[in-house]
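Protein chains: 2
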Amino acid sequence: MNNKPLILITNDDGIHAKGINELAACLRELGDLVVFAPDGPRSGMSGAITSLFPLTYSLLEEEEGLRVYSCNGTPVDCVKLAVNDVLNRLPDLLVSGINHGGNMSVCVHYSGTLGAAKEGCILGIPSIGISLADYAKEAVFDECCRLGQQLAVRILDEGLPPGTYLNLNVPNLLRVKGMRVCRQAEGRFINEYMRSENADGEPVYWLTGSLHTVSPLHPENDTSALDAGYASLVPCLIDATDYGFMEQLHTLVETNSITTR
Amino acid sequence: MNNKPLILITNDDGIHAKGINELAACLRELGDLVVFAPDGPRSGMSGAITSLFPLTYSLLEEEEGLRVYSCNGTPVDCVKLAVNDVLNRLPDLLVSGINHGGNMSVCVHYSGTLGAAKEGCILGIPSIGISLADYAKEAVFDECCRLGQQLAVRILDEGLPPGTYLNLNVPNLLRVKGMRVCRQAEGRFINEYMRSENADGEPVYWLTGSLHTVSPLHPENDTSALDAGYASLVPCLIDATDYGFMEQLHTLVETNSITTR
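Chains as they are written, first to last, in the numbering used here: chain C, 797 to 1057; chain D, 797 to 1057.
Here you go:
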């Protein structure tokens, strides 16, 4: 036991990705690290949990202030299993990433990186997802690490409101212009599949597509901040309730007498 | 071409589950149905999308006003692929379910059923997820179907606000007391793993656990409504932004001079 902060690190690109290793290196001085991540790529796994097969994990590396584990599950499985079986107390901070590729706008709903941050938040851990807008395996994470480390220091100091986690996206620049607190841009993916054929000549569909955002020039949304050379920081809620629509929905349900027969 | 509503149906229990077949039967009279669902169980797949292998689908059944497809992907893949490759226009309604098992509280973040409804909403389709609080394969869906059909009629008539989808949960009762518009209950799963062994005597972990909700007696949340014998209807947002915390976060980022060096 010591008084150092305990920091849980995970990702969705897998334990061997450059992004998570650079993240661990730059957070090392802030506390005791437990890195618990998927054994391979789990991009796009969102908040998925594994129930059809059993999970396993193994310790890959252990030294003073650092333990590294590999797991056969999803990013959310990793967070749950680390908290339930490996850590002797709730971490002071969870950082998920650094993702190879941006997770702005609706990507928050597909990304395993953000799924893990969301899970940390559900479990009561101050949680951040960090993504770099560059999919390259050898992407340069220096600027991401600098911003992520500063944010981590701040969150370790001040915490986050229960039920709120952070989505940090960093443009692929040597120097960002700054960091902007943003809302999630409205958007959707378009042209989502590339049609191809399998060896039997049957059609198969590969996921592809591009993010199409609505009103991308709104100065306060994450995609426009990134386009302008700023890192974007979106606070996100676990509570998905649309409070603004509840009353109207009440009327709809009641006037329709759905509740009676 | 005709003037009938076009209704897309999917689920996460797979095309052969009782719940989706009963749902299709009870919505049949409301319009032309396209049932496009996973070829097997995809529970807990959340908003996951498949990028590591290609998707395929096949037509299982076709008759006047009904086409049934099976797909090797996740629930969200099913929605995307149906909209991108099978349907000649955006559906007037998407109904996901009927799920075998409740999806109240934070289950909205893990459920493939709700992942599909969320995806429909992202794509601009009025979308509902329906779940019955009974995991049994031979669960009785009559009450679910009655409520789901009434809600579907209403949504086809009035639509839903862009960016909002509905999460309907129905208790396992022959007659519910009514339907309540609710907020998502705060909660998390506890005791999440059963430790076991594989054939080599190595530890493996099966997902299990139970939902622990905070202040479950709050009359307006979904778990308490279900406990009281009511169906719960939660309107959910695609926009996860925590607007209430944005200003405070602004101060935190600025006072810390994260944006400058």
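Ideal Cβ positions, reconstructed from N, Cα and C, are used throughout, including at glycine.
Just so you know, these numbers come straight off a predicted model, no measurement behind them.
Along chain C, which residues have their Cβ under 9 Å away from the Cβ of D:D808? Per Cβ cutoff of 9 Å: no residues; D:D808 is ~11 Å from chain C at best.
Look up D:G983 in the DSSP assignment and give the residues it is bridged to. D:T1009
Note down, in chain order, each residue of its chain lying with its Cβ closer than 8 Å to the Cβ of C:S1053, except the 5 sequence neighbours on either side. Because the pLDDT of C:S1053 is 49, which lies under 50, any placement of that residue in the model is unreliable, and the number read from its coordinates should be weighed accordingly. Excluding residues within five positions, none has a Cβ falling inside 8 Å.
Within 10 angstroms of the Cβ of C:N994, are there 16 or more other Cβ atoms? Answer buried if so, exposed if not. exposed
Report buried or exposed for D:S907, applying the criterion of at least 16 other Cβ atoms within 10 angstroms of its Cβ. Sixteen is the threshold: when 16 or more other Cβ atoms of the shown chains lie within 10 Å of the Cβ of D:S907, as they do, the residue is buried.
Note down, in chain order, every chain C residue with its Cβ under 9 Å from the Cβ of D:T852. Per Cβ cutoff of 9 Å: N994, E998, P999, V1000 and Y1001.
Reducing DSSP to helix, strand and coil, say where C:F1041 ends up. In this structure, DSSP gives C:F1041 a helical state, which the three-state scheme calls helix.
Through-space distance from C:S992 to D:A981, alpha-carbon basis: 44 Å
Who are the Cβ neighbours of D:R824 in its own chain at under 8 Å, not counting the five residues just before and after it? Within the same chain, and ignoring the five residues on either side of D:R824 in sequence, the residues whose Cβ sits closer than 8 Å to its Cβ are G861 and L862.
Between the region 959-972 of chain C and the region 802-820 of chain D, are three or more C-beta pairs nearer than 8 Å? no
With DSSP run on the structure shown, which of helix, strand or coil describes C:T960? strand
Which residues in the same chain as C:V864 place their Cβ atom closer than 6 Å to its Cβ, once the five residues preceding and following it in sequence are excluded? Once the five neighbours on either side are set aside, the close Cβ partners of C:V864 are V831, L856 and E857.
Taking the alpha helix (DSSP H) that C:S1020 belongs to, which residues open and close that run? In the DSSP assignment, C:S1020 falls within the alpha helix (DSSP H) that extends over D1018 to D1023.
Under a Cβ-count criterion, where at least 16 other Cβ atoms within 10 Å of its own Cβ denotes burial, should D:L933 be classed as buried or exposed? The residue asked about is misnamed: residue 933 of chain D is Lys in this sequence, not Leu. With fewer than 16 Cβ atoms within 10 Å of its Cβ, D:K933 is classed as exposed.
In whole angstroms, what is the alpha-carbon distance linking D:P999 and C:P850? 9 Å
Run of the alpha helix (DSSP H) containing D:R950, from where it starts to where it stops: D938 to E954
Local conformation of C:A833 per DSSP, three classes: Three-state result, C:A833: strand.
Considering only DSSP beta bridges, list what D:G896 is partnered with. One detail in the question is off: residue 896 of chain D reads as His in this sequence, not Gly. For D:H896, which the question treats as bridged, DSSP gives the partners D:L928.
For chain C, is any of its Cβ atoms less than 9 Å away from the one on D:G1025? no
Do the CB positions of C:A935 and C:T806 come within less than 9 Å of each other? no
Proximity winner among D:A821, D:K876, D:G869 and D:A833, relative to C:E988 (alpha-carbon distances): Check the Cα spacing between C:E988 and each of D:A821, D:K876, D:G869 and D:A833: the tightest is with D:K876.
Contact check, D:S901 vs D:T1004, beta carbons under 9 Å: no
Rounded separation between C:D1038 and C:N868 - CA only: 35 Å
Distance between D:H905 and D:I921 (C-alpha atoms, nearest Å): Their Cα atoms are separated by approximately 19 Å.
Give the secondary structure of C:R838 by DSSP, where H, G and I count as helix, E and B as strand, and everything else as coil. coil
Taking only beta-carbon positions, decide if D:F985 is within less than 9 Å of chain C. So yes, D:F985 belongs to the interface.
Buried or exposed: where does C:G1025 fall if 16 or more other Cβ atoms within 10 Å of its Cβ makes it buried? That one is exposed.
Under 7 Å by beta carbon: chain D residues contacting C:C1032: A1036, T1037 and D1038, listed in chain order.
List, in chain order, every chain D residue whose beta-carbon is nearer than 7 Å to that of C:I894. Simply none; closest approach about 16 Å.
With a cut-off of 9 Å, does the C-beta of D:G920 fall near any C-beta of chain C? It does: the Cβ of D:G920 has a partner Cβ on chain C nearer than 9 Å.
Within its chain, find whatever has a CB closer than 6 Å to the CB of C:E1016; leave out the 5 residues flanking it on each side and keep chain order. C978 and R979
Contact criterion: CB-CB distance below 9 Å. Does C:E988 meet it with respect to chain D? So, interface residue.
DSSP-derived helix/strand/coil call for C:R991: strand
Do C:A929 and C:G898 have their beta-carbon atoms positioned less than 9 Å apart in this structure? yes
Option in D:G925, D:T909, D:S847 and D:E1043 with minimal Cα separation from D:A948: From the listed residues D:G925, D:T909, D:S847 and D:E1043, the smallest Cα separation to D:A948 is found for D:G925.
So who's on the other strand from D:A1027, going by DSSP bridges? D:M975
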